[in-house]
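**Q** Below is a structure I'd like to ask you about.
2 protein chains.
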Amino acid sequence: MRARDLVSDFPTVTLDTRAADAARLLAEHGLPGLIVLNDDGRPRTILPGTQVLRLAVPRYCLDDPALARVVDEEHADAFMRGLGERTVRETLPEQPRELPIADGDATLLELAALMARTHSPLVAVVDDGALLGGVTLQALMGQSLPH
Amino acid sequence: MRARDLVSDFPTVTLDTRAADAARLLAEHGLPGLIVLNDDGRPRTILPGTQVLRLAVPRYCLDDPALARVVDEEHADAFMRGLGERTVRETLPEQPRELPIADGDATLLELAALMARTHSPLVAVVDDGALLGGVTLQALMGQSLPH
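Chains as they are written, first to last, in my numbering: chain V, 857 to 1003; chain Z, 857 to 1003.
And the structure:
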């Protein structure tokens, strides 16, 4: 079996998608992440949900857990407003690293090694750069476990 | 709203659970991770799915993607057999780090900051050390987004 046999359709966003809209997709569909497309429609990277949280939470709360504790409950409840009008572009880490993107002919073992190295439970699968779909950790493990 | 108001029941494993059984729970229920309990029944940490993959994949495939490519398809399909009889104990990273465990009175902002810092889409919520349940990134974002 190859990656292309395991892909499913997966919601995509672009660099200009509002981060709040990306969060809504993640929350409503219970997704492990979103596929981010470049302007040319080719996958650029995977956006994990925790990265969207990182943009929503004030920097001082990330640096010091005790400071998050002093924010009153009403404001704490509405922390997702912290995303404001910012976009997916601003949620992406600046440092380049190995991307959770695989070719359609990747084997299940290659997908597993890629997820393990990138700590990403979602891989975008491409054919000559064009998106075929996504493979989740759930689908990958389910396929490889003895039935 | 506090963490205890947002928890849901969540499957747990112990250090002695077979890693293959943990993988089956992850795959069959589509979970972002599992709550690992100590022998005294108190939460020890969260086990992310990618960490189980890390144990299933041979070390040389993690170190060098090109080596994963030369494994034939039949063996690549069955990569989860690499877990063998190993247990959850062997999947956990050795280095101590901040744990995705929160008190029941943590606010949504505190949960968000904790998920962002630990890169974990699942937090175990405790009351005086005893497990109340889990909060997923999905539940957290869904609660804080404007309806």
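Positions of the beta carbon are idealized from the N, C-alpha and C atoms, including for glycine.
Name the residues in the region 926-938 of chain V whose C-beta lies less than 8 Å from a C-beta of chain Z; which are they?
**A** Within the region 926-938 of chain V, the residues whose Cβ lies closer than 8 Å to some Cβ of chain Z are Val927, Glu929, His931, Ala932, Asp933, Ala934, Phe935, Met936 and Arg937, listed in chain order.
**Q** Judging by CA-CA distance, which residue of Ile891/V, Val979/V and Val908/V is the nearest neighbour of Val869/V?
**A** Minimum Cα distance to Val869/V is reached at Ile891/V.
**Q** For the region 899-914 of chain V, enumerate the residues whose C-beta is nearer than 9 Å to any C-beta of chain Z, in chain order.
**A** Pro904, Gly905, Thr906, Gln907, Val908, Leu909, Arg910, Leu911, Ala912, Val913 and Pro914
**Q** Can you check whether the C-beta of Gly990/Z is within less than 8 Å of a C-beta belonging to chain V?
**A** By this cut-off, Gly990/Z is not an interface position.
**Q** Which value, in whole angstroms, describes the spacing of the CA atoms of Gly960/V and Asp933/Z?
**A** 15 Å
**Q** Output the boundary residues of the alpha helix (DSSP H) element that contains Arg900/V.
**A** Element bounds for Arg900/V: not the alpha helix (DSSP H) but the beta strand (DSSP E), Pro899 to Pro904.
**Q** Return the residue from the list Phe935/V, Leu970/V, Met936/V and Leu893/V that minimises the CA-CA distance to Asp920/Z.
**A** Leu970/V
**Q** If you draw a straight line from the alpha carbon of Leu925/V to that of Pro949/Z, how long is it in whole angstroms?
**A** Here residue 925/V is Arg; the residue named in the question, Leu, does not match the sequence. Whole-angstrom Cα-Cα distance: 28 Å.
**Q** Any contact between the region 892-910 of chain Z and the region 975-984 of chain V? By contact I mean 3 or more CB pairs, one from each, below 8 Å.
**A** yes
**Q** Using a 10 Å radius around the Cβ and a threshold of 16 neighbouring Cβ atoms, would you call Ser864/Z buried or exposed?
**A** exposed
**Q** Strictly by DSSP, which residues pair up with Gly990/Z?
**A** Ser864/Z and Ala980/Z
**Q** For chain V, find out if any of its Cβ atoms is closer than 8 Å to the Cβ of Gly960/Z; answer yes or no.
**A** no
**Q** Just reading off the alpha helix (DSSP H) that Val892/Z is part of, what are its end residues?
**A** Careful: Val892/Z lies outside any alpha helix (DSSP H), inside the beta strand (DSSP E) at Gly889 to Leu893.
**Q** Output the distance between the C-alpha atoms of Ala875/Z and Leu882/Z, rounded to the nearest integer angstrom.
**A** 10 Å
**Q** Under 8 Å by Cβ, that's how I've got Ala962/Z and Ala879/Z pegged, so tell me the actual separation to the nearest angstrom.
**A** About 29 Å separates the beta carbons of Ala962/Z and Ala879/Z, which is beyond the 8 Å limit, so they are not a contact pair.
**Q** Does any C-beta atom of chain Z lie closer than 8 Å to the C-beta of Arg860/V?
**A** Judged by the 8 Å Cβ criterion, Arg860/V is not in contact with chain Z.
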